[in-house]
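Structure follows, in structure tokens:
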């Protein structure tokens, strides 16, 4: 499959926005903790000839329409057009968002019939925005977009979103606002542009220097690790999910959710692999296994945040157990641990870190950060020795990516990426299969290659998981 770049352009907020008069956009305390890396996703649209010809006669018209509506949307989401400064604020809104256009000499349905994950990165903006790689430059864009046009008329719209300011819910708000601005048909829905763009930084005020320069490398050590990480896509159909929920319920858990049952099944499979791997090593690794779930906190604070508030409004719910107990831990036991971890991310816990909440929370955060100010090199060197096996989980099931309609229908599939950076971590992304199938879930699993070799050949795991099936399966 040949992907050729046709053009690259910087899209800026529409002229109606008085950029020179905009103040710097303060990022929040939670944003400061996030290292600079890009989360990718790709929307695939088949675009039937009839629908395409009705709205756009030429590829150039599609491109122009998307860029014009993107510029209009950036007038509301203007921070996405800027650059991070000193891990404190965003400015330089005139820099813009890279918009790359390519031609793909292939048929979209041929790719979807037999998806080769290693090819997915070709649909993503490559210039300084490689997915899940640590970036240390301060002038990198916060958002980059690539419009890929297949010979058959299909489209793959690739996004690289800087997690420094764009979490999943923020990306969802932006996408829906852009698609509503671009969609030339039907009734206009009310925009879901954040009504309080700086709400996060006003309630989670950022740390000043020098702490602002310390906390991001710390988080980078927690999220990224040395190793050779690889990506696999597994599909769990509705029957498999139902069976896993029944197994968890049989262990005494009432009404386990799909995400609870599946994430804990994957957690146990990965822990078993880590235990087997550790047993074969001369120097065994940590004996603890931790599942860290990204939890949307917008509706967990008091008062609640706007549903579409901008920034990293999430926190990690962590559950742990000793790998030596792996044989005795049932699925229900792990779901119970996970539920308890979620319940701890409550209003009392979160309000302690907010302006106007319990000041001891802010003081505690500063005290922890001060440890790294006094001797950051020593602490960062010791972290790999202290760190247990951590498996991150995030759910995209309610982000609405499969509902994004620019005027030619909803995407037939949403892909992630085929290759992450050489230094990454153990991360599982759970998402819908597509907008027409209910009950099944795709799991995009990133693991160190040694662990993946065990998991993807585990008969118990493969009883429920189908490795990378066709997108076009009935």
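Numbering (this note's numbering), first residue to last: 48 to 521.
Glycine residues also receive a C-beta, built at the ideal position from the N, C-alpha and C atoms.
This one's a predicted model, so the numbers in the text were calculated from it and none came from an experiment.
1) Just to confirm the assignment, what range does the alpha helix (DSSP H) spanning residue 502 have?
2) Just to confirm, does residue 76 get its C-beta within under 6 Å of one of the non-hydrogen atoms of the ligand SAH?
3) For residue 79, which three-state DSSP category applies?
4) What beta strand (DSSP E) runs, 3 residues minimum, are completely inside the segment 276 to 307?
5) How many angstroms separate the CA atom of residue 210 from the CA atom of residue 86?
6) Would DSSP call residue 177 helix, strand or coil?
7) Please report the Cβ distance between residue 77 and residue 251, rounded to the nearest whole angstrom; I am assuming they are in contact, meaning their Cβ atoms lie under 8 Å.
8) Taking the continuous beta strand (DSSP E) assigned at residue 85, which residues delimit it?
9) How many angstroms separate the CA atom of residue 155 from the CA atom of residue 249?
10) Using beta carbons (cut-off 7 Å, strictly below), is residue 182 in contact with chain C?
11) Excluding the 5 residues flanking residue 425 on each side, which residues of the same chain have their C-beta closer than 8 Å to its C-beta?
12) With contact counted as at least three CB pairs below 8 Å, one residue from each stretch, are the segment 153 to 170 and the segment 118 to 127 in contact?
13) With DSSP collapsed to three states, give me the class of residue 137.
14) From which residue to which residue does the beta strand (DSSP E) around residue 443 run?
15) Please identify the residue among 298, 132 and 175 whose C-alpha is closest to the C-alpha of residue 256.
16) Should residue 278 and residue 467 be called a contact, given that it needs their Cβ atoms to be closer than 7 Å?
17) Where residue 309 and residue 139 are concerned, what is the direct C-alpha to C-alpha distance, given to the nearest angstrom?
18) Is the separation between the beta-carbon of residue 473 and that of residue 494 shorter than 7 Å?
19) For the candidate residues 447, 369, 373 and 186, whose alpha-carbon lies nearest to that of residue 216?
20) Excluding sequence positions up to five away, which residues of its chain have a Cβ less than 8 Å from the Cβ of residue 101?
21) Apart from the five residues just before and just after residue 522, which ones in its own chain have a Cβ nearer than 6 Å to its Cβ?
22) Determine, using beta-carbon pairs with one atom in the segment 370 to 386 and one in the segment 296 to 309, whether at least three such pairs fall under 8 Å.
23) Just the Cα atoms here: how many angstroms apart are residue 511 and residue 196?
24) Is the beta carbon of residue 365 sitting closer than 7 Å to the one on residue 392?
25) For residue 52, list the residues DSSP reports as bridge partners.
26) For residue 116 versus residue 228, is the C-beta spacing smaller than 7 Å?
27) Looking at the structure shown, is residue 168 part of a helix, part of a strand, or coil, going by DSSP?
28) If you draw a straight line from the alpha carbon of residue 335 to that of residue 80, how long is it in whole angstroms?
29) I need the DSSP call for residue 457, collapsed to helix, strand or coil.
30) For residue 190, tell me which candidate among 342, 201, 173 and 198 has the shortest Cα-Cα distance.
31) According to DSSP, is residue 129 part of a helix, a strand, or is it coil?
32) Between the Cα of residue 452 and those of 345, 444, 303 and 224, spot the shortest distance and give me the residue it belongs to.
33) State the DSSP-derived secondary structure class of residue 531, mapped to helix, strand or coil.
34) What is the rounded straight-line gap between the Cα of residue 282 and the Cα of residue 107?
35) Rounded to the nearest angstrom, what separates residue 57 and residue 184 at their Cα positions?
36) Under the three-state reduction of DSSP, which class applies to residue 73: helix, strand or coil?
In this structure, then:
1) Residues 496 to 502.
2) This structure lacks the ligand SAH, and indeed carries no ligand of any kind.
3) Residue state, collapsed to three classes: helix.
4) Along the segment 276 to 307, the beta strand (DSSP E) occurs as fully enclosed runs of 3 or more residues at 276 to 283, listed in sequence order.
5) Here the alpha carbons of residue 86 and residue 210 stand approximately 6 Å from one another.
6) Look at residue 177 here: in three-state DSSP terms it is coil, with no helix or strand label.
7) Right, their Cβ atoms sit about 5 Å apart.
8) Segment 85 to 92, the beta strand (DSSP E) holding residue 85.
9) Their Cα atoms are separated by approximately 45 Å.
10) The structure shown contains no chain C, having only a single protein chain.
11) Confidence is the limiting factor: at residue 425 the pLDDT is only 43, short of 50, which leaves the residue's position unreliable and the question unanswerable from this model.
12) Cβ pair count under 8 Å is below three, so no.
13) Here residue 137 sits in strand by DSSP.
14) Neither: residue 443 is in no beta strand (DSSP E) and is coded neither H nor E.
15) Nearest to residue 256 by alpha-carbon distance, out of 298, 132 and 175, is 132.
16) Taking 7 Å as the Cβ cut-off, residue 278 and residue 467 qualify as a contacting pair.
17) If you take the alpha carbons of residue 309 and residue 139, they lie about 43 Å apart.
18) In this structure, residue 473 places its C-beta atom within 7 Å of the C-beta atom of residue 494.
19) For residue 216, the nearest C-alpha among the options comes from 447.
20) Reliability fails at residue 101, whose pLDDT of 48 lies under 50, so the model's placement of it is uncertain and no value is given.
21) Outside the displayed span of the chain (48 to 521) sits residue 522, for which this structure offers no information.
22) In short, these stretches touch, since the Cβ pair count reaches three.
23) Distance between the alpha carbons of residue 511 and residue 196: 35 Å.
24) Against a cut-off of 7 Å, the Cβ pair of residue 392 and residue 365 comes out as no contact.
25) DSSP lists 149 as partners of residue 52.
26) When the beta-carbon positions are compared, residue 116 and residue 228 come within less than 7 Å of each other.
27) For residue 168, the three-state secondary structure derived from DSSP is helix.
28) C-alpha separation (whole angstroms): 24 Å.
29) Coil, per DSSP.
30) Among 342, 201, 173 and 198, the Cα nearest to that of residue 190 is on 173.
31) Looking at residue 129 - three-state DSSP - the assignment turns out to be coil, as it is neither helix nor strand.
32) Of the residues 345, 444, 303 and 224, the one whose Cα lies closest to the Cα of residue 452 is 224.
33) The shown model of the chain, from 48 to 521, leaves out residue 531, and the question about it has no answer.
34) Taking the straight line joining both Cα atoms gives about 36 Å.
35) Rounded to whole angstroms, residue 57 to residue 184 spans 18 Å at the Cα level.
36) Here DSSP, grouped into helix, strand and coil, assigns residue 73 to strand.
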